[in-house]
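Undergrad: I have a structure I would like to understand better, so I am pasting it below and will then ask my questions one at a time.
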Amino acid sequence: MRIFLAILTYFSYIFIIAMYTIKAAKYLKLPVHLRWELYPVMHEENYQYGGSYFEQVDWWTRIRQKRYLRGFLFLLKEYFVLGEYFQKHKAYWYFLYPWHIGFILIITFHILCFFGAVAMVFGITISSSSQSITGIVFYYAILFTGVVSFVTGAFGSVGLLIKRIYDENLKQYATPLHYFTYIFTFLIFISGFYAWYFIDPTLSEYREFWKGLITFKFIDVGCGAATHIILFNLFLVYLPYTRSMHYITRFFGFCLIRWDDEPNMRGGKLERKLQALLNQKVSWSAAHIKSGKTWGEQVEEPKMRS
Amino acid sequence: MAKTTLGGIEMEIDEDGFIQEPDKWNKEIAEDIAKLESAYPMTEEHWKLVNYLRDYFLKYEIAPPIRMLVKQTGLDLKKIYQLFPGGPAKGACKIAGLPKPTGCV
Amino acid sequence: MKIEDISKKSEQLITIKPEDLMPLPYPYDTPDADPAMRELTQDQKNRYEASLDGVLAIGIPKPETKEIEEELIRKFLSGLAKLLTKENNWTFLQPLLHSLEYCVKCQICNDSCPVYVASGKQEIYRPTYRPEILRRIINKYLKKQSTLSLKLTGSDIELNWTLIARLAELSYRCTLCRRCAQVCPLGVDNGLISHEIRKIFSQEMGIAPKELHESGTVQQLKVGSSTGITPKALGNIISFMEDEIEEKTGKKIKIPVDKEGADILLLHNAGEFMAWPENTEAFAIIFEAAGINWTLSSELVGYDAVNYGVWYDDFQFAKIALRHAEVAKALKVKKISVGECGHAHKAMMVIADRILTGDLNIPRESAIPLLADLVINNKIKLDPGRNNFPITLHDPCNMVRLMGIVEPQRQILRKICPQFREMEPHGVDNYCCGGGSGFAIIQSMNFPDWRSAISGRVKLKQVLETFQDVISPDIPKYVCAPCSNCKGQIRDLFNYYSVFEKCNIFYGGLVELIANAMVDIEKPFIEWEWH
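Protein chains in written order, with numbering that gives the first Met the number 0: chain G, 0 to 305; chain W, 0 to 104; chain S, 0 to 530.
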């Protein structure tokens, strides 16, 4: 059991990182596209009302200040607020928000467990009465993130399940996988909650388990913790097959599509990329397209009168 | 595309009743279309407008801008709508055998 | 209605009843205020694929034989496959895949769609409906997922001609205003999906509304303009404009044409010459007064800024964009300036930006910031008192949400229109006029009724609400729409509901208001009788 748990954990983490990396690389390797931005563009000077550099006469002669940080912070903030849902669909937000907070905190919880384990290797005791401040901070941070994630996540899972079943708009587009996901996440959060509340109120078992993982001295954990660990690991393996990548692709989508207002300048890097793309052969078969010719060859010779 | 008999000959028309071969247009055809457009019987003023449109079309292969039509025929918009309830484009142009207006007009 | 019903044969998938429609404010708040939408004739229903909602934008003829039908299904699938390759669709592949793969079906976008809301929330108009159909087809017929996987991901759907014919029409029930995309927290763009579906039909199957393709882009490339204006006709119209200017203002202005080396090549939507020459005349008057070195072009395509390709076909788009650039290059102008046409703004500045390379990448800008500069910095003498009537601004989607030109037009109106008032929402959150993505020019059969009663409904509601306190027909009011397409739609919408007669609301462009305020013109420039 010990070995099994450890191997499963290693595998799940490696698996999800590899899968996400492959997916992200695939996304990023897609060719540059035509501009299709939507305003407001956050890095623009007049982002408050959605203004762009096109509002200036001879815009190409002006030096632009792009505030990438503003866009980055906006996206980051939204992770913790989900403001669009709060404004437009509150009844949904009440469940969606705790569900997402559950995810954010459970991930934070695992990261803290990892670093806590590192601290333990260096001889720091993690407990409420630890000699070291670090130990105390780790203790409460792990406890807090874990417990809050279990509670909010479980609440959100049930809420969303009910919402998907009873909200006419959501129901029409719901799939068996949606329901499965909610039930699955509920089990993960509730198993964590169970293990903490009934078996291991200080979560010391988790910390020991993680210490075992990084020192390769695997330990046995109780049934409650083991169930939670297995479920969470399976969830990590399941995640790449869902739309969960949206956590990452949301960043890509905003930066590479919605806010991509980069003008093409003569002799620039972008122009070289575009020229290569225009040299690809097309195979569309409508009569007005020259199939087998490149994009660049589609245009008839200019017939200027003068 | 549908076919119908206008001025005694079979003519191709589009879904909105515009004839597809403007070259075949003649007065009889115009009068038959005018019947469908509630612009019959055609008076001198009807013909003034239709002939103006026809001449402009033969010269420029297009209908004139409405403002030009009004200025050069001396018939104001209100009068045009009285004569051609379908309006200058969908009524008068159709009777004059012009193609249906296209583009952002 | 279930999602998969789209492939079930029936006379019509949905029927919109008058009582479904979103209510309108006074004076249209009575049950009989809505004119009855025209129905197709039985003969038209027999000849065309009209089983979506009984409305025709494309009007695909019914396939005569089973073989033709099967060939069309094959072509649809091959087109869809090409849409997902980088050779054939590098232009939109990344945005397309993002939207196909990362929608979580939270439906938060639904209520931002004016068509969906105005229609009384018809399932087929829901912004997530088309993408859902496309996703299911991809999963089942291109990715060939197993039956179990299809069941789990809810991807079961039967691909048949009924579905394809309906999907084609359905891609022309979205105005590509992209309000839905703007509210998506994940960056999914369901409007883009409509655009991409249109491309499958046009680029692979040769199916597109006649007004967009045959008499649109094809005619433009062949005779010079989608209006059919030839260079010869243009010459005649320009001299007519010069006469009109003289008559109205007493000024003798020679409109410069094909002036080599001018600073600005001004590109108008050629529809302005035909339907609203007062707009192009106002430009000439203002530019002349400000001493700008500008010119029009009389080269093929060089006098028509439109590029309908932006709505349905990347190739037609590129051909026209290149032609515009070639014309400017041959004239050796410093820059292209685009007049009051929303889609030409976006087409030329935003979309064409990554098609034009080398010396064809000629600087291109909107005329509106330049006009704002003239007005704000008092480069022409204006008297706001001449525009002393209630006025509101309709924002063309292409200028605001899709390219961020929001303030210059407002700076002008605030300065020269004392009774300027905003409609809500406005700016980047605006609503489409209902004529976007080519709708305004689709004039055939009963489509014009649909775009007045459904896609233009929210705009009408906004305008009426904005003027509710001055709604009486005794008070003349003005909707400023700096876009030919929007003007065409608003004209048709207002006619459909007799808005001018009932409420005395006039519509027009932006430059007309500037010309109307010019102190050295004696008579009012705006002629209210030309509604």
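Ideal placement from N, C-alpha and C gives every residue a C-beta, glycine not left out. Every value quoted in this text rests on a predicted model; they were computed, and no experiment measured them.
1. Measuring CA to CA, which of G153/S, G190/S and Y307/S is closest to L176/G?
2. At a threshold of 7 Å, does S297/S count as lining the ligand FAD (C-beta to nearest heavy atom)?
3. Can a CB atom of chain S be found closer than 8 Å to the CB of A23/G?
4. Under three-state DSSP, which class holds P368/S?
5. Looking only at its chain, what residues have a beta carbon closer than 7 Å to the beta carbon of K522/S, apart from the 5 residues adjacent to it on each side?
6. Which value, in whole angstroms, describes the spacing of the CA atoms of I13/S and Y25/S?
7. Mind checking the region 36-57 of chain W against chain S and listing, in chain order, the residues whose C-beta falls within less than 9 Å of any C-beta there?
8. In chain S, which residues lie less than 8 Å from T3/W when you measure between Cβ atoms?
9. Count the other C-beta atoms from every protein chain shown that fall within 10 angstroms of the C-beta of I65/W, then say buried if there are 16 or more, exposed otherwise.
10. Would you call the region 384-392 of chain S and the region 466-484 of chain S touching, i.e. three or more CB-CB distances under 8 Å?
11. Quick check on DSSP: helix, strand or coil for S336/S?
12. Using alpha carbons as the reference points, say which of L83/S, S111/S and H97/S lies closest to Q86/G.
13. For a contact defined as C-beta to C-beta under 9 Å, what are the partners of Y84/G on chain S?
14. Does Y240/G pass the burial test, meaning 16 or more other C-beta atoms within 10 Å, or should it be called exposed?
15. Report yes or no: is there a C-beta of chain G within less than 8 Å of the C-beta of A317/S?
16. When the cut-off is 8 Å and only beta carbons count, does V236/G lie next to chain S?
17. In the DSSP assignment, find the beta strand (DSSP E) that holds M10/W and state where it starts and stops.
18. Leaving out five residues before and five after K7/S in sequence, what residues of the same chain have Cβ atoms less than 8 Å from its Cβ?
19. Using three-state DSSP, classify R63/G as helix, strand or coil.
20. What does a CB cutoff of less than 7 Å around T180/G pick up in its chain, not counting 5 residues either side in sequence?
21. Give me the residue from I379/S, T465/S and G260/S with the minimum Cα distance to H393/S.
22. Does the Cβ of W310/S have 16 or more other Cβ atoms within 10 Å, making it buried, or fewer, making it exposed?
23. Counting contacts by CB-CB distance shorter than 8 Å, is G153/S in contact with chain G?
24. What are the boundary residues of the alpha helix (DSSP H) that Y26/G is part of?
25. Name the chain C residues that come within less than 7 Å of A327/S, Cβ to Cβ?
26. Which value, in whole angstroms, describes the spacing of the CA atoms of L142/G and E77/G?
27. Identify the contact partners of Q181/S in chain G, using a Cβ-Cβ distance below 8 Å as the criterion.
28. How many whole angstroms separate the CB atoms of G101/G and T151/G, which I take to be in contact at a CB cut-off of 8 Å?
29. With 8 Å as the threshold, decide whether the Cβ of I228/S is near any Cβ in chain W.
30. Using beta carbons (cut-off 8 Å, strictly below), is R307/G in contact with chain S?
31. Please classify Q71/W as buried or exposed, where buried requires at least 16 other C-beta atoms within 10 Å of its C-beta.
32. How far does the beta strand (DSSP E) with A232/S in it extend, from its first residue to its last?
33. If the cut-off is 8 Å on Cβ atoms, which residues from the region 87-105 of chain S count as contacting chain G, listed in chain order?
34. Can you check whether the C-beta of V220/G is within less than 8 Å of a C-beta belonging to chain S?
35. Please look up how many angstroms separate the CB atoms of A439/S and C103/W, rounded, as I've assumed it's under 8 Å.
36. Near I350/S, what residues of its chain come up, given a Cβ to Cβ distance below 6 Å and the 5 sequence neighbours on each side ignored?
TA: So, from the data block:
1. G153/S
2. Although the ligand FAD was asked about, the structure shown includes no ligands whatsoever.
3. no
4. helix
5. K247
6. 29 Å
7. Y55
8. Here the premise fails: no neighbours, minimum Cβ distance about 11 Å.
9. buried
10. yes
11. strand
12. S111/S
13. C105, I107 and P184, listed in chain order.
14. exposed
15. yes
16. no
17. I8 to I12
18. Excluding residues within five positions, the ones whose Cβ falls inside 8 Å are T161.
19. coil
20. T241
21. T465/S
22. buried
23. yes
24. R1 to K28
25. The displayed structure is made up of protein chains G, W and S, and chain C is not among them.
26. 25 Å
27. L37
28. Yes, G101/G and T151/G are in contact; Cβ-Cβ is about 5 Å, under 8 Å.
29. yes
30. Outside the shown range of chain G, which is 0 to 305, sits residue 307/G, and nothing can be said about it.
31. exposed
32. Element bounds for A232/S: not the beta strand (DSSP E) but the alpha helix (DSSP H), P230 to T248.
33. Residues passing the 8 Å Cβ filter: N87, W89, T90, F91, L92, Q93, P94, L96, H97, E100, Y101, C102, V103, K104 and C105.
34. no
35. Correct: roughly 7 Å between the Cβ atoms.
36. For I350/S, where only same-chain residues beyond five positions count, the Cβ hits under 6 Å are V309.
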